[in-house]
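The numbering of the sequence shown is the numbering used here, which starts it at 1328 and goes up by one. Don't be surprised by glycine CBs; every beta carbon is placed ideally from N, CA and C. Before any comments, here is the structure.
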Amino acid sequence: MQGNLTQPLTAQSAQATAQASALASRGNEEESWYERWHLVIATGLTLLFLLLGWGLGAAGIISNQVQVVFYVLAYITGGTYAAREALHSLFVERTIDVDLLMVFVAIGAALIGHWTEGAILLFLFSLGNTLEHYAMGRTYRAVRALMELRPEDALVKRNGIEQRVPVQDLILGEVAIVKPGERLPVDGKVVSGTSAVDQSSITGESIPVEKKIGDEVFAGTINGVGPLFVEMTRHAQESTLAKIITIVEQAQAEKSTAQRFTDRFEGWYAGGIIAMAALYWLIPVLFFHQDSSTMFYRAMVLLVVASPCALVISTPAATLSALANAARSGILFKGAVHLENAGTIKAIAFDKTGTLTEGKPKLTDIMPTTTKSADEVLALAATVERLSEHPLAQALVDAANARNLTLGEAHAVEAVVGKGVVGQVGDHTVLIGNEPLLIDYQVQLSEQIRNQADLLREAGKTVVFVADANTHETLGVIGVADTVRPIAREAIAALKRLGVTHTVMLTGDNERAARAIAREAGIDEVQAELLPAEKLDAIKALRKRYGAVAMIGDGVNDAPALAAASVGIAMGAAGSDAALETADVVLMADDLAKLPYAIELSRRTRRAIRQNLAFALTVIAVLVLAAFGAIVPLPIGVVGHEGSTIVVVTNGLRLLFGRPQPLSSVTN
């Protein structure tokens, strides 16, 4: 990953910004009926005039002069778009492109009386342009579809009256009322109500997510059956949806390495082909007394078969389709370069907390040491901890609530810094904490209890003792840990099936906890107790060993390592400004299953590009050799050239389809 991490999304490069702006304006404007269908109509009319001229002429129904009129009409409908593009490139951009080559050939064919071949050429060339327009239009419409997710107004209560207000007129802190079935107009937090929200447009999650008071929600998502009151926390232009649209636009505007090469290649190659065709016509006529008309015809054939139409469209047809597919699946590639690079990854480094793990501690074990049951020990601990905001306390309370345990009342609750909590429950003083807390109250640990605690620590868990200070006995040993995501092991296995040779965990956590998580997730290597700068050094070392290395983290604490990786990946980045701005690839949902799909899609894209380039170059080489041998008539050359263009466009369009599959089905 390159570039300054502090730069805003819109400051990647002058060219990318200009192209993104053009795409944005195109996406903001409603595509007119003419813009969408004019090439289809032109192609259809070209075919109609071609068939009328050829069919009626062959049947002797019309004269040669009338037949030519039909061909002229076919030239006009099939060649106007190409001629306009050719003239714009020649006089405005000062470049020679394939449109100019096709116009030259069509005019040349007419000059020597081969109207039918010229009309066939323009029909097939127009058909190829139509398919390209369709392919690119699908990706532009992906952006337009995202834009259509943004509601134009929001229902708010002002001066005691509910009224619809344009979203851009809302102020931070204002509460929007979202009725069941409506799209959320703003990014914000739920201040009242509960509902299930369909977040697929933002995160790619297929199942609605339950939302309650305090939960974050996003503009463009769909409310379920319950009304929600949402306090606006971001302006409309700063919403997560707006940032996604910007990323997709810029990704479409950025060109991959392969595309930049073909773009540079097109100009000088097209000029070289025109020069070569001219020499192929003139040298035999001037020096070997060949028939000028025959050699001119052969030169026109050479121009057709050597034109790089299929070559030029090979890369964008694939990359733009893949980018649209990824965005629809909740995966944002911030440029075609990163889409290409993701497929080369040989090693992946993972942050631990919040990436491989859930990011918050959970109760894992309860070991009663007296006659009390596990539920009784947990209920007692949760009673003392219920008002604490400490993550370990919250884990105990959440576990008790999940088991529907009845909690009592605790009094004189006191937090002992670094040790735990002491509280009065009934007539008993209850201790919740570590061994030093118990020692302070003369509670002794038996050898059996110490062994139980050691087993939990060996598994990378935090040990919490529950004791009664009145009786000086330990009531139970509780294990709490930041648990591995359920999908983590499957995701790691899927990555290895895809050919990722090495996985490593880079974490600031202690060695014992890190190794326990790594064993459970199937990680190959652990580097623990690292500072951010040390994570950066670890990534540099991995790049020396494996070449292309990805780093996946939260996009904030792992920023240096994300920057040093070949591909920086932010996970669970919905709503995170830093993650959206830092990473090369953004997985919008907290779902590791998206990572193998991102790499698989990248590799499918790379394969499609290689297939397209190989096919296009092979067709050009074969037809050029045949043209020099004078064994390819113009109609066959036209079909071969335009047919190859249609094939590569169709092959690229395949990447529009497909969604993340169950991880067990992911293969290389």
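Terminal residues of the continuous beta strand (DSSP E) containing Ser1566?
Bounds of any beta strand (DSSP E) do not take in Ser1566, whose DSSP letter is neither H nor E.
Roughly how many angstroms separate the alpha carbons of Val1544 and Ile1498, rounded to a whole number?
About 17 Å.
Under a Cβ-count criterion, where at least 16 other Cβ atoms within 10 Å of its own Cβ denotes burial, should Ile1675 be classed as buried or exposed?
buried
Reducing DSSP to helix, strand and coil, say where Gly1806 ends up.
Secondary structure at Gly1806: strand, using DSSP grouped into helix, strand and coil.
Using the three-state DSSP reduction, which class does Gln1769 fall into: helix, strand or coil?
coil
List the DSSP bridge partners of Gln1490.
Val1483.
Going along the chain, which residues of its own chain have a beta-carbon closer than 6 Å to the beta-carbon of Ala1737, five neighbours each way excluded?
Thr1710, Val1711, Gly1750, Val1752
What is the DSSP secondary structure of Glu1420, reduced to helix, strand or coil?
coil
Tell me the residue span of the alpha helix (DSSP H) that contains Pro1643.
1636-1655
Among His1415, Leu1629, Tyr1596, which one has its Cα closest to the Cα of Ala1604?
Leu1629
Roughly how many angstroms separate the alpha carbons of Lys1539 and Val1724, rounded to a whole number?
18 Å
Following the continuous alpha helix (DSSP H) through Ile1540, name the residue where it begins and the one where it ends.
Ile1540 -> no alpha helix (DSSP H), and no H or E assigned at all.
Does DSSP put Asp1781 in a helix, in a strand, or in coil?
helix
Return the CA-CA distance between Ala1875 and Gln1490, expressed in angstroms with no decimal places.
54 Å
Between the C-alpha atoms of Ile1672 and Ala1644, what's the straight-line distance to the nearest angstrom?
23 Å
Suppose you measure from the CA of Thr1756 to the CA of Glu1856; what does that come to, to the nearest Å?
Roughly 37 Å between the two C-alpha positions.
Tell me which residue opens and which closes the alpha helix (DSSP H) that Ala1957 is part of.
Careful: Ala1957 lies outside any alpha helix (DSSP H) and carries neither H nor E.
For Glu1722 versus Leu1690, is the C-beta distance shorter than 7 Å?
The displayed chain sequence assigns Ala, not Glu, to residue 1722. In this structure, Leu1690 lies closer than 7 Å to Ala1722 by Cβ.
So Met1898 is in the beta strand (DSSP E); what residue range does that whole segment cover?
Met1898 -> beta strand (DSSP E) spans 1894-1898.
Which residue's Cα is closest to the Cα of Glu1908: Ala1916, Gly1895, Asp1918?
The shortest C-alpha separation from Glu1908 is found at Gly1895.
Under a three-way DSSP split, which group does Asn1837 fall into?
coil
Under the assumption that Arg1982 contacts Ser1648 (Cβ atoms under 8 Å), give the Cβ distance between them as a whole number of angstroms.
Reading off the sequence shown, one finds Leu at residue 1982, where the question assumed Arg. With a Cβ gap of about 4 Å, Leu1982 and Ser1648 count as contacting.
Just to confirm, is the Cβ distance from Glu1501 to Met1559 under 7 Å?
yes
Apart from the five residues on each side of it in sequence, which residues of its chain come closer than 6 Å, Cβ to Cβ, to Ser1929?
Leu1666, Ala1669, Gly1670
Would the beta-carbon of Ala1409 fall within 7 Å of that of Asp1426?
For Ala1409 and Asp1426, yes; Cβs fall inside 7 Å.
Look at Pro1507 and Val1494 and say whether their C-beta atoms are less than 7 Å apart.
Their beta carbons are not under 7 Å apart, which means Pro1507 does not touch Val1494 by this criterion.
Can you find the residues in the same chain that come closer than 7 Å, C-beta to C-beta, to Val1492, ignoring five residues on each side of it along the sequence?
Asp1480, Ala1481, Val1483
In or out: Gly1735 buried (at least 16 other Cβ within 10 Å) or exposed?
It counts as exposed.
Rounded to a whole number of angstroms, what is the C-alpha to C-alpha distance between Ala1780 and Arg1839?
14 Å
What residue range is occupied by the uninterrupted alpha helix (DSSP H) comprising Gly1964?
Run containing Gly1964: 1961-1980, per the alpha helix (DSSP H) assignment.
Can the beta-carbon of Met1627 be found closer than 7 Å to that of Ala1888?
no
In whole angstroms, give me the CA-to-CA distance for Pro1695 and Asn1797.
18 Å
Quick one: complete alpha helix (DSSP H) runs, 4+ long, within the segment 1677-1733?
If you keep only unbroken alpha helix (DSSP H) runs of at least 4 residues inside the segment 1677-1733, you get 1701-1712, 1718-1729.
DSSP has Ala1868 in a bridge; who is on the other side?
Paired residue(s): none; Ala1868 is not in a bridge.
Starting from Ser1522, follow its DSSP beta bridges and name the residues at the other end.
Lys1538
Is the beta carbon of Gly1455 less than 7 Å from the beta carbon of Thr1945?
It is not a contact, given that the beta carbons lie outside the stated cut-off.
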